[in-house]
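Shown next, in structure tokens, is the structure this report addresses.
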Amino acid sequence: TNQTRYCYQSYLDYCRCQRIRGTNYKPCDYFKKVFHSICPNAWIEKWDSQREEGTFPGNI
Numbered sequence: 001t002n003q004t005r006y007c008y009q010s011y012l013d014y015c016r017c018q019r020i021r022g023t024n025y026k027p028c029d030y031f032k033k034v035f036h037s038i039c040p041n042a043w044i045e046k047w048d049s050q051r052e053e054g055t056f057p058g059n060i
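What follows is the structure in structure tokens.
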């Protein structure tokens, strides 16, 4: 099956969780584990860079 949507959604959920609960909130790590296991590293690096630059297209 196509995991693209699940990958992207897990990345968004992780970022939202950290924004709302803080970076030390351990349950957010569940989403991080999921997207790291199914997303290509190049996508994660690109999204991280886009977030830092303020150009990430998703709603976090």
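Under full-length UniProt numbering, the first residue of the sequence shown carries the number 1, and numbering increases by one thereafter.
Quick reminder that beta carbons are idealized off the backbone N, C-alpha and C, glycines included.
A quick note: this is a predicted structure, and the numbers were derived from the prediction, not measured.
Apart from the five residues just before and just after residue i, which ones in its own chain have a Cβ nearer than 7 Å to its Cβ?
i, result
"Q3", "I38"
"Q50", "F56"
Please go through the same chain and pick out, in chain order, the residues whose beta-carbon is closer than 6 Å to the beta-carbon of residue i, but skip the five residues on each side of it.
i, result
"C15", "I60"
Helix or strand or just coil, what does DSSP make of residue i?
i, result
"Q18", "helix"
"Q3", "coil"
Please return the same chain residues whose Cβ sits closer than 8 Å to the Cβ of residue i, not counting the five positions on each side in sequence.
i, result
"L12", "G58, N59, I60"
"P19", "It is worth fixing the name first, because residue 19 is Arg in this sequence and not Pro. For R19, where only same-chain residues beyond five positions count, the Cβ hits under 8 Å are I60."
Would you please state the rounded distance, in angstroms, between the beta carbons of residue i and residue j? I believe it to be under 8 Å.
i, j, result
"F56", "I44", "Actually they are not in contact, since the Cβ atoms of F56 and I44 sit about 12 Å apart, beyond 8 Å."
"C17", "C7", "That belief does not hold up - the Cβ atoms of C17 and C7 are roughly 16 Å apart, past 8 Å."
query = Where are the alpha helix (DSSP H) runs, 4 residues long or more, that stay fully inside the segment 22 to 58, in chain order?
reply = Entirely contained in the segment 22 to 58, the alpha helix (DSSP H) runs reaching 4 residues are, in chain order, 29 to 38, 41 to 53.
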